[in-house]
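Here is the structure we will look at, set down as structure tokens.
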Amino acid sequence: MVILSLVLLLLSVQWSWALEDPLLPFSEHLDPEHKVQLKWGFDEIKGTILFELTVSTSGWVGFGFSPKGGMTGADIVIGGVGAKGSYFTDHHAQGNSMPVVDKQQNYKLLSLTESDGKTVIKFQRSISSCDENDLPITDLPMKLIYAYGQTDDITYHSAQRGTKELNLLKYMPRVNPPNSNFFDITMVNFTVPAKQTYYHCKIMKAPTFDHKRHIYRIEPVITNFDLVHHLLLYRCPPSVTKPFEAECYTGVDGECMETVAVWGVGGGAFEFPEVAGLPIGGNVSDFFYRLEVHYNNPNKTAGRVDNSGLRFYYTSELRQHDAAVLMTGLALAPWYAIPPKAKSFLTYGMCDTAYIPKVLETPHDLQVFSVMLHTHLAGRKVRVGHFRGGKQIDLLAVDENYDFEYQEVTNLGKTKTVKLGDKLLVECTYNTEIRNKLTWGGLSTSDEMCLAFLFYYPALSLSACVSFPDVTSLQSAMGATDAGTWLNMMSTKTWNDTSINQYQQTLNRIDQYVWVMNSNNNGSYNKGTFPDLKVIPSAPCMSGSATKSLALPSLLLCLAVQGASF
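Just so we're aligned: the sequence shown equals residues -18 to -1, 1 to 548 in mature numbering (1 follows the signal peptide of the UniProt record, and there is no 0).
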């Protein structure tokens, strides 16, 4: 009997896992009684947002967006399944009176079902406002309103209504799973050198557990916000067996390159989706970890003591998948130069997943749910193109207004599948108009980077998937016979729009070294060329016909008489 119960429990867990929809990764109950559940996902590239509203009723359902939480100015949809079929219409409210049916129906009904005392409505709309009666969905908290009745012979909703404020486009869940706790990995009384840029690394063991745990939330622990620019935590390969602390990349710390966590200036806490967590303990309990802190000390102040790092919340209640982080983009290596006087200079780094099987025995597709994009001071835009079969199928992530002072891990809005064989092209746009000298790729804040950290599941034993120009081909294409000649040519060149454009085209035309590195620092090195990255246009405004039954006029009449407010 015990075995049968365990089997049934396992089947129920597997069934609940199977119901996860990658297009609807976010979920919140809008009411205290958990009778109204909203799931949603979005595609900022295409400009669309998808909703699924489940309400414990066999009657009518109303849902919308309100400027202040009431009826006045609200953008509302009303739907249900009546005796003569389903109804679903787009409305706007002018006050505590009858909502007006929009002339332009900008919500697209995808499905509407009623069973077992629940009504489920799945619909889509544009993120932006499509007419004067729609409210745009912004990246700020919005007031969501709802109401429902128990029958389709609609009467006043009484207490079956409410308001909840959510940030739909920058949603970050906050869960409190059972058997949870936290630990910190930080610097300890480290005196920051009086240098403009300094990277400090500390190799240590994380707490050990007999059985695997899942980290579900990561928070920054920052003691000097004016000094700490970013934090990275890497897992070390088995070859690293001792603690170590020194300036980064001066010793054994350079072997630890598998990214586990990342935080940038301006960012906050990050929580993983309910289907995945970072593994710790069990078969990964013997690994060492490297904490890297980038200190930006422009005034070269001496004597500042720092204890910054990261806090990890974990639970013994394991999730469906192990999550991981993959570094993609332009490899950090010498000889990459960005010219001065450039209004918009583009650099590229490519991850070709076709080479992952060369470093892993059992590779699989990646389900990417979040990303952190990273450049330094000259960065203005970052885009990540997604290619399959030689054609661009999507933009995996985009930041058209990159801000060096505001870097955070952001949710993609929906889980995106990167299949083995796909290519990811990271494009960074730089502005160096005020600079008179070359900007080099490097660690310093005044140097540059072009990276995209991808958060995905199920985890693979990978540390990096990056590219770098073939320096020999670059020198040859520019007419240089050796590195010294090329450096002199770059330093003495008159940089203007024409020479900048020629150099950019040369960089993109030549062969690139493309490599994939696994957790043990075993790599596959190959040559390739960049595909062309294009802008994907936003989808047009949603349009859907108003679907009505005889219940709808009753609803409108009721609202008019009762002066009802959501």
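All C-beta atoms in this analysis are idealised placements derived from N, C-alpha and C, irrespective of residue type, glycine included.
Secondary structure of residue i, DSSP reduced to three states
{"i": "L394", "result": "strand"}
{"i": "S93", "result": "strand"}
{"i": "P202", "result": "strand"}
{"i": "Y330", "result": "strand"}
{"i": "D514", "result": "coil"}
{"i": "G67", "result": "strand"}
{"i": "L(-13)", "result": "At L(-13), the pLDDT of 41 sits below 50, so the modelled position is not reliable and the matter cannot be decided from this model."}
{"i": "L489", "result": "helix"}
{"i": "S500", "result": "The question names Ser, but residue 500 in the sequence shown is Asn. N500: strand per DSSP, three-state reduction."}
{"i": "K184", "result": "strand"}
{"i": "T120", "result": "coil"}
{"i": "N279", "result": "coil"}
{"i": "K194", "result": "coil"}
{"i": "Q494", "result": "strand"}
{"i": "V353", "result": "strand"}
{"i": "I482", "result": "helix"}
{"i": "T335", "result": "helix"}
{"i": "K177", "result": "coil"}
{"i": "K340", "result": "helix"}
{"i": "K363", "result": "strand"}
{"i": "D84", "result": "coil"}
{"i": "H358", "result": "coil"}
{"i": "L209", "result": "coil"}
{"i": "W(-2)", "result": "Its pLDDT being 42, under 50, W(-2) is placed unreliably by the model, and nothing is read from it."}
{"i": "H73", "result": "strand"}
{"i": "F386", "result": "coil"}
Selection from the options that minimises the alpha carbon distance to residue i
{"i": "P160", "options": "H356, K187 and Y198", "result": "Y198"}
{"i": "T297", "options": "G41, V366 and N158", "result": "N158"}
{"i": "G264", "options": "D192, L328 and S108", "result": "D192"}
{"i": "V174", "options": "D385, R217 and A228", "result": "A228"}
{"i": "D404", "options": "L20, F47, A129 and L348", "result": "L348"}
{"i": "D334", "options": "V307, A324, L359 and R370", "result": "R370"}
{"i": "V43", "options": "D385, F24, D134 and M499", "result": "D134"}
{"i": "Q19", "options": "I27, I127 and A56", "result": "I127"}
{"i": "F450", "options": "G461, S458 and L489", "result": "L489"}
{"i": "E299", "options": "L292, Y89 and K194", "result": "K194"}
{"i": "Y495", "options": "L314, R417, D429 and L442", "result": "L314"}
{"i": "F70", "options": "S93, G423, P339 and E114", "result": "S93"}
{"i": "S455", "options": "C447, D464 and V448", "result": "D464"}
{"i": "G424", "options": "P49, W468, S162 and T179", "result": "T179"}
{"i": "S473", "options": "N508, K419, H74 and H11", "result": "K419"}
{"i": "residue 573", "options": "R272, K17 and G29", "result": "Any question about residue 573 goes unanswered here, given that the chain covers just -18 to 548."}
{"i": "N171", "options": "N289, E26, K21 and K100", "result": "N289"}
{"i": "D13", "options": "L117, N78 and R143", "result": "R143"}
{"i": "F294", "options": "M499, P322, A446 and A188", "result": "A188"}
{"i": "D113", "options": "L122, P81, N163 and D72", "result": "D72"}
{"i": "G505", "options": "I492, C238, C447 and D493", "result": "C447"}
{"i": "S221", "options": "G246, F269 and V247", "result": "F269"}
{"i": "K21", "options": "T39, P322 and F45", "result": "F45"}
{"i": "G233", "options": "Q86, K224 and H212", "result": "K224"}
{"i": "H276", "options": "A305, H182 and F252", "result": "H182"}
{"i": "V210", "options": "P322, D121 and Y388", "result": "Y388"}
Contacting residues, own chain, Cβ-Cβ under 8 Å from residue i (five flanking each side not counted)
{"i": "V353", "result": "V366, L378, A379, V391, T392, L394, A434, F435, L436 and F437"}
{"i": "N413", "result": "A324, K325, S326, F327, A360 and R362"}
{"i": "N508", "result": "D334, Y337, Y495, V496 and W497"}
Beta-ladder partner(s) of residue i, from DSSP
{"i": "K146", "result": "L126"}
{"i": "S9", "result": "K21"}
{"i": "A306", "result": "Y438"}
{"i": "I215", "result": "Here residue 215 turns out to be Leu, not Ile, going by the sequence shown. Partner(s): A243 and L273."}
{"i": "Q106", "result": "L32 and K90"}
{"i": "Y296", "result": "N163 and I197"}
{"i": "residue 569", "result": "Residue 569 lies beyond the stretch modelled for the chain, which goes from -18 to 548, so this question has no answer here."}
{"i": "L312", "result": "S449"}
{"i": "A319", "result": "W422"}
{"i": "S48", "result": "K125"}
{"i": "A379", "result": "V366"}
{"i": "T101", "result": "V37 and E96"}
{"i": "L348", "result": "V400"}
Own chain partners of residue i with C-beta closer than 7 Å, once the 5 adjacent residues on each side are dropped
{"i": "G236", "result": "none"}
{"i": "L5", "result": "G23, L32 and K396"}
{"i": "I119", "result": "I31, I109, L150 and L151"}
{"i": "W317", "result": "V453"}
{"i": "A284", "result": "A176"}
Same chain only: Cβ atoms within 6 Å of residue i, ignoring 5 sequence neighbours per side
{"i": "F24", "result": "I31 and G395"}
{"i": "V37", "result": "V18, V43, T101 and Y130"}
{"i": "P261", "result": "K194 and D304"}
Self-check item: Whole runs of the alpha helix (DSSP H) within the segment 392 to 479, excluding any shorter than 4 residues
Solution: 453 to 459 and 465 to 474
Quiz prompt | Within the segment 228 to 271, ranges of the beta strand (DSSP E) (whole runs, at least 3 residues) | solution = 240 to 246 and 258 to 262
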